[in-house]
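Asker: Just so you know, we're using the numbering used here here: the first sequence kicks off at 5 and counts up by one. Even for Gly, the Cβ is constructed at its ideal location relative to N, Cα and C. In this text, all values refer to a predicted model and were calculated from it rather than measured experimentally. Okay, handing you the structure first.
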Amino acid sequence: MTNEDQQEQPNQEEQAAGEQKLIEDRLAKAAQIRAKGIDPYPARYDRTHTSIEATKLFEYAEIMASNVVGDDAEHPKTETVRIAGRVMARRGMGKAAFIDLKDGYGSIQTFARQNTMGDEAYEIVNLLDIGDIIGVEGSVIRTRRGEVSVEAEKVTVLTKAIRPLPDKWHGLQDQEIRFRQRYLDLISNDKAMKNALLRSNVVRSMRDFMHDHGFIEVETPILVPVAAGAQATPFETHHNQLDRDLYLRIATELYLKKLIVGGIEKVFEIGRLFRNEGLDHDHNPEFTTIESYQAYADYKYVMEMVEQLVSYIAKETTGSMVLSEVEGVRPSIDLTPPWPRLDLREEIKKRTGIDFVVTRDVESLAAAMRERGIHVEAGSAWGRLLDKVISTEVEPHLVQPHFLVDYPVEMSPLAKRKPDSDEIVERFEGFVMGTELCNAFTELNDPVDQRERFDQQEKQRLEFGDDEADRLDEDFLLAIDHGMPPTGGLGLGIDRLTMLIAGEESIREILLFPAMRNT
RNA sequence: GGGCCUUUAGCUCAGCGGUAGAGCAUCGGACUUUUAAUCCGCAGGUCGUGGGUUCGAUCCCCACAGGGCCCA
5 MTNEDQQEQP
15 NQEEQAAGEQ
25 KLIEDRLAKA
35 AQIRAKGIDP
45 YPARYDRTHT
55 SIEATKLFEY
65 AEIMASNVVG
75 DDAEHPKTET
85 VRIAGRVMAR
95 RGMGKAAFID
105 LKDGYGSIQT
115 FARQNTMGDE
125 AYEIVNLLDI
135 GDIIGVEGSV
145 IRTRRGEVSV
155 EAEKVTVLTK
165 AIRPLPDKWH
175 GLQDQEIRFR
185 QRYLDLISND
195 KAMKNALLRS
205 NVVRSMRDFM
215 HDHGFIEVET
225 PILVPVAAGA
235 QATPFETHHN
245 QLDRDLYLRI
255 ATELYLKKLI
265 VGGIEKVFEI
275 GRLFRNEGLD
285 HDHNPEFTTI
295 ESYQAYADYK
305 YVMEMVEQLV
315 SYIAKETTGS
325 MVLSEVEGVR
335 PSIDLTPPWP
345 RLDLREEIKK
355 RTGIDFVVTR
365 DVESLAAAMR
375 ERGIHVEAGS
385 AWGRLLDKVI
395 STEVEPHLVQ
405 PHFLVDYPVE
415 MSPLAKRKPD
425 SDEIVERFEG
435 FVMGTELCNA
445 FTELNDPVDQ
455 RERFDQQEKQ
465 RLEFGDDEAD
475 RLDEDFLLAI
485 DHGMPPTGGL
495 GLGIDRLTML
505 IAGEESIREI
515 LLFPAMRNT
């Protein structure tokens, strides 16, 4: 180690300033540990208990001891345990020290005394820093101040950290560092860890639900020749050997429907989608959805499944279908089925007076919007304008869970028309807290109609320069030419669902590594 | 794309025309039951970057970059 040499050169040591000084101090301690013949980065440690398990073990011992008479009753202690974790705080007192240890499950205090450990073994305690990862072997006791603690017989350095942790009291506040170095957020802020665990539990309970309902989980291509199945701008890439341009998928929809054609009658995929669009509090260029398709079901069936699924996940992850109020963010949200179904046309009429069946062309809809002070983006297609009306005038009112039902065909190129209408399709979207949670419809399985809808989208791309218009996928049309049974399909954003359950307002609090600009 | 706020020690934050301060962490010392340990002492900063105004800029102005919040 060169830093040992540096230690002997006071000039260099004095020159080391700021962060570099902190690092050098810690490297010097690592060298001192090595000088004792101890590896500060050993390969493994046979932990016997987590912090939580060790605490429970002691509490049990305490209860047992309360039934006996004598010294054991006054000072209950457990068998020897080995715990491991990160040093979060140190309270040194010369020949004794208290160290707060945090592991992946919780925290526990350790108590090191020179006369318990022996003079030589205790020296290691003085070489510990906040942030180091250590193992502690000893009995679990309760200190005079009442804290359950592992009384160290042996302390093992498992990893010497050479950079300091954020402030132990204020945690990590800097949002930029929280997102760019999420590990620091996880170490310092309990909420970050809580959200990470919640995300995992949401996905797990979602999988459980789908499997319990007989769905088959699949994985379909992420690199695709046509970015179809949704209205969004894709990321582009290139396969060198095939010398072929490819795209990152913007939806899993069309591949999953091919599997329906193939006879997998209940199918779902949980996976990452990529959309080349801006970032804000609820958009990230990559995000995770579940899409599911069920043969012989229609959108009404899917609606019931969604409210069952979402309320089940809430119950599994929080213990209740009623999400509690989050001060300054939202009232309590009751996800208990059934959720009210609102006819889209009626709801828009109620909120704005606009009847989209009457204002059926761009000019009249734009005029009606201007009349009501709704911003009209010049050159927009009719469907885009109506989407604007819905998102600004209707969605914000849908704080408690609701379904908006029956959309105009222009906005829904993959959905089946209602039997009694050429203009309306069997589609719904679920809303909670004023934002879209899911999108679902009875799938269009008429190959002739489907081709016309794609053509319509292509026309929209040309006429209105709508880069996000859905793309014609011949391969998909070929598939449904062979016959796709009547099918109900669903797409639901998992990050947004987790936001909802967590009571977070930003998707960046849920994504462990949200997209960031270059530094 | 537009507006507003923000960037100062490793972390959390003050300061706002006369080239910087606190708490925690670090470092040295005392301390064998503390838990934001305590007590004494030291050290640590191109004040986001680049221009400009000024005798003098962390502070005022402009541009750029990162972050945040609104709007589109």
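Note the first and the last residue of the continuous beta strand (DSSP E) segment covering E290.
Answerer: Secondary structure note for E290: its beta strand (DSSP E) is the uninterrupted segment 290-299.
Asker: Quick check on DSSP: helix, strand or coil for F278?
Answerer: strand
Asker: V144 lies in the beta strand (DSSP E); which residues open and close that run?
Answerer: 137-146
Asker: In its own chain, which residues sit with a C-beta less than 8 Å from the C-beta of G383, not counting the 5 before and 5 after it?
Answerer: The beta carbon of G383 lies closer than 8 Å to those of F468, G469 in the same chain, with the five residues before and after it left out.
Asker: If I follow the unbroken alpha helix (DSSP H) through F468, where does it start and stop?
Answerer: 451-468
Asker: Using DSSP bridges, identify the partner residues of R334.
Answerer: V330
Asker: Tell me which residues share the same chain as R276 and place their Cβ nearer than 8 Å to its Cβ, disregarding the 5 neighbours each side in the sequence.
Answerer: I226, E290, F291, T292
Asker: Do you know offhand how far R208's Cα is from I514's?
Answerer: Distance between the alpha carbons of R208 and I514: 16 Å.
Asker: Helix, strand or coil: how does DSSP classify E12 here?
Answerer: Any reading at E12 needs caution, since the residue's pLDDT is 31, under 50, leaving its predicted position unreliable; the model's value is listed next. In the displayed model, E12 falls within coil according to three-state DSSP, outside both helix and strand.
Asker: Can you say whether K33 is buried or exposed, counting buried as having 16 or more other CB atoms within 10 angstroms of its CB?
Answerer: buried
Asker: Using the Cβ count rule (16 or more neighbours within 10 Å means buried), how would you classify A101?
Answerer: Buried is the call here.
Asker: State the DSSP-derived secondary structure class of Y251, mapped to helix, strand or coil.
Answerer: Looking at Y251 - three-state DSSP - the assignment turns out to be strand.
Asker: Measuring CB atoms only, is the segment 293-305 touching the segment 483-495, in the sense that at least three cross pairs come out at less than 8 Å?
Answerer: yes
Asker: Between the beta-carbon of E433 and the beta-carbon of F407, is there less than 9 Å?
Answerer: In contact: E433 and F407 (Cβ atoms closer than 9 Å).
Asker: Suppose the cutoff is 8 Å on Cβ atoms and the five residues either side in sequence are ignored; what does the same chain contact list for Y251 look like?
Answerer: L227, V228, P229, V230, A231, P238, F239, E240, T241
Asker: Give the range of the alpha helix (DSSP H) segment to which N119 is assigned.
Answerer: 118-121
Asker: What first and last residue would you give for the alpha helix (DSSP H) that runs through G369?
Answerer: In the sequence on display, residue 369 carries Leu and not Gly. Boundaries of the alpha helix (DSSP H) harbouring L369: 366-375, taken from the DSSP string.
Asker: Tell me whether N288 is buried or exposed, calling it buried when 16 or more other Cβ atoms sit within 10 Å of its Cβ.
Answerer: Buried, because 16 or more other Cβ atoms sit within 10 Å of the Cβ of N288.
Asker: Can you have a look at M97 and say buried or exposed, based on whether 16 or more other CB atoms are within 10 angstroms of its CB?
Answerer: exposed
Asker: Quick check for students: name the residue ranges of the beta strand (DSSP E) that lie wholly in the segment 18-102, counting only runs of 3 or more.
Answerer: 84-96
Asker: Measure how close the beta-carbons of V310 and A444 come, nearest whole angstrom, since I'm counting them as under 8 Å.
Answerer: 7 Å
Asker: How is Y305 classed by DSSP in three states: helix, strand or coil?
Answerer: helix
Asker: Quick one: using the 10 Å Cβ neighbour count with 16 as the cut-off for buried, is E447 buried or exposed?
Answerer: Result: buried.
Asker: Where does the unbroken alpha helix (DSSP H) through F219 begin, and where does it stop?
Answerer: Taken as a continuous stretch (DSSP letters only), F219 belongs to no alpha helix (DSSP H), as it is neither H nor E.
Asker: Would you mind reading off the limits of the beta strand (DSSP E) that contains A444?
Answerer: Segment 439-446, the beta strand (DSSP E) holding A444.
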